[in-house]
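Structure first, then comments.
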Amino acid sequence: MATFTSEQYEHYKAFVDTHSNEVAEFIMNSKHDFTPESLIKLGNDEAQNNFMDFPDYDENEPLGIEDSLVVLYFDYVEDDIEFNKLYDFFCENLKYCLWKLTGAEN
């Protein structure tokens with residue numbers, strides 16, 4: 016698991032904050048809800064359906080919640096975001112990231 020400097024933490028937090036509404040809209044439009052089980056199912060479905068973007072996906076080893084969030088935020092990642100650090104950010108801040116998707120932190 017990565018250790019984030021305060022600048023890195025703020026950078027990844029800002030990324031999640033910026034794109035959580037768009038990801039939440041995608042989740043709702045996909046007829047899924049915000050339970051971990053539903054997000055995991057959607058993440059696995061997306062990884063399987065977009066195998067060119069996720070060549071390491073193995074349906075025999077389904078994704079967990081953190082990996083699924085990486086898949087759901089995939090379209091918004093730019094060069095300044097590293098996937099392994101994004102995964103680590105989700106691992107370390109899972110509650111916050113789920114709150115951002117649901118709007119529960121307000």
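Under the working numbering, the letters of the sequence shown match residues 16 to 121, in that order. Using N, Cα and C, we set each Cβ at its ideal position, and we do this for glycine too.
**Request:** Given a cut-off of 8 Å, decide if tyrosine 102 and glutamate 81 are closer than it, judged by their beta-carbon atoms.
**Result:** yes
**Prompt:** Quick one, which of Pro70, Leu87, Asp95 has its alpha-carbon nearest phenylalanine 49's?
**Reply:** It is Leu87 whose Cα lies nearest to the Cα of phenylalanine 49.
**Message:** Taking the alpha helix (DSSP H) that serine 53 belongs to, which residues open and close that run?
**Reply:** 51-64
**Prompt:** Looking only at its own chain, which residues have a Cβ that is under 8 Å from the Cβ of aspartate 95, when we skip the five neighbours before and after it?
**Reply:** In chain order, His26 place their CB closer than 8 Å to the CB of aspartate 95, counting only its own chain and leaving out the 5 sequence neighbours on each side.
**Request:** Report the residue from Phe19, Ser35, Tyr91, Val85 whose alpha carbon sits nearest the alpha carbon of isoleucine 55.
**Result:** Val85
**Message:** If I measure Cβ to Cβ from histidine 47 and keep anything under 6 Å in the same chain, skipping five residues before and after, which residues do I get?
**Reply:** Ser53, Leu57
**Message:** Would tyrosine 111 and glutamate 37 be called neighbours here (beta carbons separated by less than 8 Å)?
**Reply:** no
**Asked** Which residues bound the alpha helix (DSSP H) around asparagine 75?
**Response** In the DSSP assignment, asparagine 75 falls outside any alpha helix (DSSP H), carrying neither H nor E.
**Request:** Tell me whether the beta-carbon of serine 35 lies closer than 8 Å to the beta-carbon of leucine 116.
**Result:** yes
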